[in-house]
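Okay, structure first, notes after.
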Amino acid sequence: MKKKDPISEARRYVENARKALNENGELDVETKLYQDEKYVRAAGNYLWLGVLMALDAVFQVRKDRRTRVDINNYLEAVGKRDRKLLNYVNSGYDVMHLSMNYDGIPAKEISDSGFRLANAIIDRCEMMLA
0 MKKKDPISEA RRYVENARKA LNENGELDVE TKLYQDEKYV RAAGNYLWLG VLMALDAVFQ
60 VRKDRRTRVD INNYLEAVGK RDRKLLNYVN SGYDVMHLSM NYDGIPAKEI SDSGFRLANA
120 IIDRCEMMLA
């Protein structure tokens, strides 16, 4: 099986996150809150996995997909090369991984921020690979 481009694969994860929220997550238009945190958590997980895939393509922090890497390893590698990307990754970790995935915060503005950060990180990684 041919190995896929990691940036394209990361974007596919972002699209899966969008589908999880748009198709399944009921949004209360009045309060701008998703009704089921399950889909917020799923979207946050997809977004963060896509970001990690893009970061791994540039920084090779993870040597093997089966190993777990601490966020500090990513932050150290990114910080040595790109301070702007470091700010994105720090914010992305807080929004996508902690607020969306772990906490399941249902606020649409949090989810929108997660999508913006994921796309910004993936775009910056793509630029670094070029």
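Numbering that gives the first Met the number 0 puts the first residue of the sequence shown at 0, with every later residue one more than the last. We put the beta carbon where it would ideally sit given N, CA and C, even for glycine.
Starting from residue 112, follow the alpha helix (DSSP H) in both directions and report where the run begins and ends.
Looking up residue 112 in the sequence shown gives position 113. Here the alpha helix (DSSP H) through residue 112 covers 107 to 128.
Beta carbon of residue 9, beta carbon of residue 53: below 8 Å?
By 1-based counting over the sequence shown, the position of residue 9 is 10. By 1-based counting over the sequence shown, the position of residue 53 is 54. Yes, they are a contact pair.
Leaving aside the five residues before and after residue 126 along the sequence, list all residues of the same chain whose C-beta is less than 6 Å from its C-beta, in chain order.
Taking the first residue of the sequence shown as position 1, residue 126 is located at position 127. Closer than 6 Å at Cβ, skipping near neighbours: no residue.
For the candidate residues 108, 89, 97, 104, whose alpha-carbon lies nearest to that of residue 120?
Position 121 of the sequence shown, counted from the first residue, corresponds to residue 120. It is 89.
What does DSSP give as the partner residues of residue 32 in its beta bridges?
Locating residue 32 in the sequence shown gives position 33, counting from the first residue. 27, 106.
Give the single residue among 82, 113, 49, 86 whose Cα lies nearest to the Cα of residue 97.
As a first step, residue 97 is located in the sequence shown; it is residue number 98 there, counting from the start. If we check each option's Cα against that of residue 97, 113 comes out closest.
Helix, strand or coil for residue 1 per DSSP?
Here the question's residue 1 lines up with position 2 in the sequence shown. Since pLDDT at residue 1 reaches only 46, below the 50 mark, its modelled position is unreliable, and no value is offered.
Taking C-alpha atoms, which residue in 13, 60, 7, 12 lies nearest to residue 72?
The residue you call residue 72 lines up with position 73 of the sequence shown. Nearest C-alpha to residue 72: 60.
Contact check, residue 76 vs residue 46, beta carbons under 8 Å:
Start at 1 with the first residue of the sequence shown, and residue 76 comes out as number 77. Start at 1 with the first residue of the sequence shown, and residue 46 comes out as number 47. No.
Could you tell me whether the Cβ atoms of residue 56 and residue 42 are closer together than 8 Å?
Counting from one through the sequence shown, the residue named residue 56 turns up at place 57. Counting from one through the sequence shown, the residue named residue 42 turns up at place 43. No, the Cβ-Cβ distance between residue 56 and residue 42 is not below 8 Å.
Spatially closest choice to residue 49 from 101, 91, 104, 109, by CA coordinates:
Here residue 49 refers to the residue found at position 50 when the sequence shown is read from its first residue. Between residue 49 and the set 101, 91, 104, 109, the nearest pair of CA atoms involves 91.
Can you tell me where the alpha helix (DSSP H) with residue 94 in it begins and where it stops?
Your numbering for residue 94 matches position 95 in the sequence shown. Unbroken run through residue 94: none, as it is neither H nor E.
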